[in-house]
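See structure below.
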Amino acid sequence: MKKWFFIIFINLLSLNLFAQNKTDSLITVYLQEAKILISRNNFIEAERTIKKVFDTKSVLPDETVYLYGITQFGVGNYKGSITAMEKYLSLTGKKGEFYTEAQQYIKDAHCHESGYYEAVELCDMCFGSGDEEAPCPNCRGKGKILCTVCKGSGVNRESKSYGDSFHKCSKCEGSGFGNCGQCKGKGIVHIACISCQGSGKIKVRKKCNK
């Protein structure tokens, strides 16, 4: 019984592998066909071909989304092209084979759609550092706070049987103040830049060149 079960399992596994290999081969053929159609500026047929790839409901190569973005640009669906290219960039990051090309398509699609495109530049408020100086909230920018031992009096009182004795506070040496622990006595702290939220970069809208 175990022997027959094993044979059936192996046969089913072989059938699944065969079906998967057949699907992978079909995807390769479709993508190659789409590339040829794109090179001929036949974007409508290329779009239909890529949709056949999507219909396989298999794990697809990353370039599938990129090629689909090209077809959307070619047929004038600029929003669709932007969505596809942004999806490609989110999947592959800067290491993607078509990273530069995808960014250019996004820029061009924005230009065709609105006459403007988004560019990423260094933040002009923090000069790309991502942070900015602000008065320390703990000491209000003074760099000093009341001594935590003598509470600002500069002296310590010691009660004894014959009365109280007073002597200079050993922590602040009689000044009544000490360095602020939050800013280390500098009076300023570094906080995330409010303009770029600490990234050092901002998105700006630029007019496209005609």
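So that you can map any letter, position 8 of the sequence shown is 8 in the UniProt record's numbering, and since no number is skipped, the others follow by simple counting. Just so it is clear, CB atoms sit at the ideal spot from N, CA and C, and this is done for glycine as well. Remember, it's a predicted structure, so these values are computed and weren't measured experimentally.
Three-state class that DSSP yields for residue i in the structure shown
i	result
Gly69	helix
Phe43	helix
Arg205	strand
Phe54	helix
Asp131	strand
Glu121	strand
Arg140	coil
Glu33	helix
Gly74	helix
Lys151	coil
Lys95	helix
Ser25	helix
Glu63	helix
Cys196	coil
Residue from the options whose Cα sits closest to the Cα of residue i
i	options	result
Gln182	Glu63, Cys136, Asn77	Cys136
Val204	Thr92, Tyr88, Glu121	Glu121
Glu113	Lys142, Thr71, Ser81, Ser90	Ser81
Lys52	Leu91, Lys171, Ser39, Leu31	Leu31
Lys206	Cys150, Tyr116, Cys147, Lys171	Tyr116
Asp24	Thr64, Arg48, Asn156, His110	Thr64
Lys168	Tyr162, Gly152, Asn209	Gly152
Ile202	Ser170, Phe127, Asp164	Phe127
Gly176	Lys160, Lys144, Thr28	Lys144
Ser129	Lys35, Cys180, Cys196, Asn179	Cys196
Gly198	Glu133, Tyr78, Ile38	Glu133
Cys147	Tyr78, Gly76, Ser170	Ser170
Leu60	Lys186, Leu91, Glu86	Leu91
Cys208	Cys111, Gly178, Gly185	Cys111
Per DSSP, cross-strand counterpart(s) of residue i
i	result
Ser159	Asp164
Assumed close pair residue i, residue j - CB separation to whole angstroms, cut-off 8 Å
i	j	result
Gly69	Ala46	Not really, about 11 Å apart at Cβ, beyond 8 Å.
Tyr105	Phe54	So it is not a contact: roughly 19 Å between Cβ atoms.
Asp131	Ala192	6 Å
Ile188	Gly141	7 Å
Asp62	Gly96	7 Å
Phe166	Val155	5 Å
Leu67	Ile50	6 Å
Thr71	Ile36	Not confirmed; about 13 Å, so no contact.
First through last residue of the alpha helix (DSSP H) which encompasses residue i
i	result
Glu101	99-114
Gly80	78-92
Terminal residues of the beta strand (DSSP E) in which residue i lies
i	result
Ile191	188-192
Leu146	144-146
Phe177	177-179
Residue i CB to nearest heavy atom of the ligand ATP below 8 Å
i	result
Gly96	Ligands in the displayed structure: none, and consequently the ligand ATP is not present.
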